[in-house]
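Residue numbers (the numbering used here): -19 to 215.
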């Protein structure tokens, strides 16, 4: 296999797209990179979990549990709408970055190859959106259908954002509901308070999700023998 046939790393792909920038492509590149690193990195989960934990820490009651659901839905929904929209608008003008991002998504989630949002069940849509987020869903959908642009995928962006937000709200209410039950036992209340103090610290979640992301990245890294398969993804 000659050197030029090797798939580009994400950094090389970004550099390739940056060589021939117009103003529009520059804005697209910067915005896509910010969205990818925020949503696929620790930023998304850190903001979401910290906002829910802080809400319950300030309102330690059943009303606070309900508020956590509302905050989780709102924060997750806004993040996913922005990320999905950026992906739908920005990816088509960044060929190399899009291919590299797609390889990352498929390497971490091989089962997504060839998935079409509109032909899978609502349960599968929920699990897919909650697992990978709107920007990755749009990336896979663009590859599967060959259609690009926000108009082609606005339904996918909206549905995946809402489903992810519902998932975040349910998980947040489940966990804070368990904490609220724990508070009903006087002996357990100090422990619950300490846990919530830790949970409302964004540095804790940033460190945890960064470590999980790094582990997932390293454990999924392809060997040299996998290069031919990676090439076929770009075909």
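Glycine included, C-beta positions come from ideal geometry on N, C-alpha and C.
Which stretch, first to last residue, makes up the alpha helix (DSSP H) that contains residue i?
i, result
"residue 40", "Neither: residue 40 is in no alpha helix (DSSP H) and is coded neither H nor E."
"residue 135", "130 to 163"
"residue 173", "169 to 179"
"residue -3", "-10 to -2"
"residue 102", "102 to 112"
"residue 98", "Run containing residue 98: none; DSSP gives neither H nor E here."
"residue 76", "75 to 88"
"residue 4", "3 to 20"
Smallest Cα separation from residue i: which of the options?
i, options, result
"residue 10", "22, -6, 23, 19", "-6"
"residue 178", "29, 16, 15", "29"
"residue 119", "48, 107, 25, 66", "66"
"residue -10", "17, 126, 184", "17"
So is residue i buried or exposed if we call it buried at 16+ other beta carbons inside 10 Å?
i, result
"residue 171", "exposed"
"residue 20", "buried"
"residue -1", "exposed"
"residue 82", "buried"
Does the beta-carbon distance from residue i to residue j come in below 7 Å?
i, j, result
"residue 56", "residue 148", "yes"
"residue 31", "residue 64", "no"
"residue 96", "residue 124", "yes"
"residue 134", "residue 73", "no"
"residue 141", "residue 14", "no"
"residue 77", "residue 180", "no"
"residue 136", "residue 121", "yes"
*Touching or not, the region 154 to 164 and the region 91 to 109, by the rule of three or more beta carbon pairs under 8 Å?*
Flag = no, the region 154 to 164 and the region 91 to 109 do not touch.
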